[in-house]
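*Asks:*
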Amino acid sequence: MKETHQVVVSVLMSVYNEDFNWITEAVNSILNQTIKDIEFIIVNDNPQYTDLHNFLEELSTSNRCIKIILNDKNRGLAYSMNRALEIADGKYIARMDADDIALPTRFEKQIDFLEKNKDISIVGSQIKMFGKSKKFWINLSTPQEIKAKLIFKSCLAHPSVLIRTEDVKKYNLFYDESLCSTQDYDLWTRAALVTKLANIDEVLLLYRVHNKQVSSLKKKQQEDNFNEINLRYLTAIIGPLSEEESQISKYLWKYKSFNNNEEQSIFKAFILKIIEKNDVHHCINYKELYLPLINTLIKKQYKKEFSNYILLTKYLLKVGIVYHFNRKKRKSALKKHTHNRYTLYEASKSN
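Anchor point for the sequence shown: position 289 equals 1073 in the numbering used here, and the numbering is continuous, going up by one each time.
#1: Drop a sphere of 10 angstroms on the beta-carbon of Thr845, count the other beta-carbons inside from all chains shown, and report buried for 16 or more, exposed for fewer.
#2: Measure the CB-CB distance between Ile1032 and Lys1061 and report whether it falls below 7 Å.
#3: Please list, in chain order, all residues of the same chain as Gly908 whose beta carbon is under 7 Å from its beta carbon, the five residues on each side excluded.
#4: Taking the runs of the alpha helix (DSSP H) that are 4 residues or longer, which of them lie wholly in the region 838 to 895?
#5: State the beta-bridge partners of Asn828 as determined by DSSP.
#6: State the DSSP-derived secondary structure class of Cys1045, mapped to helix, strand or coil.
#7: Out of curiosity, what's the CA-to-CA distance linking Thr949 and Lys875?
#8: Could you give the C-beta distance for Lys851 and Ile825, rounded to a whole number, given that I count them as a contact under 8 Å?
#9: How far does the alpha helix (DSSP H) with Asn983 in it extend, from its first residue to its last?
#10: Return the chain-ordered list of same chain residues with a C-beta closer than 8 Å to the C-beta of Val952, the five sequence neighbours on each side being excluded.
#11: With 16 as the cutoff for other CB atoms within 10 Å, does Asn956 come out buried or exposed?
#12: Evaluate the contact criterion for the region 824 to 843 versus the region 925 to 932: three or more CB pairs, one atom per stretch, below 8 Å.
#13: Using CA coordinates, which residue listed in Trp1037, Lys1057, Ile822 and Glu1028 is at the minimum distance from Glu1046?
#14: Below 8 Å on the Cβ atoms is my guess for Ile885 versus Ser813; work out the distance and round it to an integer in Å.
#15: So what's Ile1055 in DSSP terms, helix, strand or just coil?
#16: What's the C-alpha gap between Ala872 and Asn828?
#17: Find out if the Cβ-Cβ distance for the pair Tyr1017, Thr979 is shorter than 7 Å.
#18: Have a look at the DSSP bridge pairing and note the partners of Leu946.
#19: Taking the alpha helix (DSSP H) that Asn805 falls in, what are its first and last residues?
#20: Could you tell me if Ser798 is buried or exposed, where buried requires 16 or more neighbouring beta carbons within 10 angstroms of its beta carbon?
#21: Could you give the distance in angstroms between the alpha-carbon of Val987 and the alpha-carbon of Asn1011?
#22: For Gln894, I'd like the list of residues in its chain whose CB is within less than 6 Å of its CB, leaving aside the five on either flank, ordered along the chain.
#23: Between which two residues does the alpha helix (DSSP H) harbouring Leu1015 extend?
#24: Please tell me whether Asp835 and Val792 are closer than 7 Å, where the distance is taken between their beta carbons.
#25: Whose C-beta lies closer than 6 Å to the C-beta of Ile1050 among residues of the same chain, with five residues either side of it excluded?
#26: Three-state secondary structure (DSSP) at Trp972?
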């Protein structure tokens, strides 16, 4: 009996109302990967848009690896991704957004990384922005760094990740369809509690910045969702939170000042609780947990009043300065490396 061939990568992308030229660039960047054994599942989440439907049908006709799923109505990203996951046949799952560009060796390098690191389920990469911003999106690399940083923020770029398909099923890493934003942060926090996540220290995706993005249009809703997910993650790591701690926890990730001295005192005690609980349960490595805490304290400019200042200063002197120096070096190296690769990419497009 002839065995069924399993493709190497199933690429998942949802489209709604993106510019057709952007979609074409995104699709071509996937089709031009050095890894050719792929299936490209594109979910049309805007079935009323006839021109989009026709455009996607033309794409699928021109390339047999492209499969189109048509939602019955606008369902959102989480629902669309889960539908694509249901039919994905690849050994790995790759996320892609319809307005971004994957650099040609993205899949090759991510697959090589996962093959060499069997204990890691999800790998992302560093990001170079283009469009309305030219900045670099530099993420932490190691699983322990990421697990600690998730207390404060998301630290994997969603359209850059590659995931082991077997681990999606093993750990139930499907999208929460009750969330209409921050679905990726929810997924990373759930994954970090049961497996390991990492980022390759190299730019493998060009991330387009424009005014139509969800992050620009639904900021309030995004913050509310983020806070809810953040509380769940904190509770899983350090145990139940009091009502006061739940309210004050937003200062871990939100850039705002305290309303009064009482809030500041509660936050100090909350920070100490995180440290003490982690010392008992060893959920996160000592260094990786303390560095983000130090940075938070410095940014809020109240480190001199902190009751455990000596302990934190010790880590700032030993690790913090080195951390910031290394981050600056990484950013400089990424800029130089990416400029060279982006120049080659632009040159290949014109040929």
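Cβ coordinates follow ideal geometry from the N, Cα and C atoms, glycine included. Since this is a predicted model, take the numbers as computed values, not measurements.
*Replies:* Per the coordinate set shown:
#1: Answer is exposed; the Cβ neighbour count stays below 16.
#2: 7 Å or more divides the Cβ of Ile1032 from the Cβ of Lys1061.
#3: Asn923, Leu940, Ala941, Ser944, Val945 and Asn983, listed in sequence order.
#4: Counting whole runs of 4 or more residues, the region 838 to 895 contains the alpha helix (DSSP H) stretches 861 to 871.
#5: Note: Asn828 sits in a beta bridge opposite Val799 and Leu854.
#6: Checking the sequence shown, residue 1045 turns out to be Asn, not Cys. In this structure, Asn1045 counts as helix in the three-state DSSP scheme.
#7: One C-alpha to the other measures close to 6 Å.
#8: Contact flag correct, Cβ pair sits at about 5 Å.
#9: Element bounds for Asn983: not the alpha helix (DSSP H) but the beta strand (DSSP E), Lys980 to Val993.
#10: For Val952, where only same-chain residues beyond five positions count, the Cβ hits under 8 Å are Leu869, Ile877 and Phe958.
#11: So Asn956 ends up on the exposed side.
#12: Counting Cβ pairs under 8 Å, fewer than three are found: no touch.
#13: Checked all of Trp1037, Lys1057, Ile822 and Glu1028; the closest Cα to Glu1046 is Glu1028.
#14: Indeed, because the Cβ distance is near 5 Å, the residues count as touching under 8 Å.
#15: DSSP places Ile1055 in helix when its eight states are reduced to three.
#16: Straight-line spacing of the CA atoms in Ala872 and Asn828 works out to 16 Å.
#17: It is not a contact, given that the beta carbons lie outside the stated cut-off.
#18: According to the DSSP secondary-structure assignment, Leu946 is paired through a beta bridge with Ala878 and Val907.
#19: Per DSSP, Asn805 belongs to the alpha helix (DSSP H) from Phe804 to Leu815.
#20: Counting the other CB atoms within 10 Å of its CB gives Ser798 a total of 16 or more, which places it among the buried residues.
#21: Straight-line Cα distance between these residues: approximately 29 Å.
#22: Cβ neighbours of Gln894 beyond the five flanking positions: Val907 and Leu946.
#23: Following the DSSP letters along the chain, one finds Leu1015 inside the alpha helix (DSSP H) bounded by residues Lys1003 to Ile1022.
#24: With respect to Val792, Asp835 sits apart: the two C-beta atoms are not nearer than 7 Å.
#25: Within the same chain, Ile1050 has close Cβ partners Glu1028 and Ile1032.
#26: In this structure, Trp972 counts as helix in the three-state DSSP scheme.
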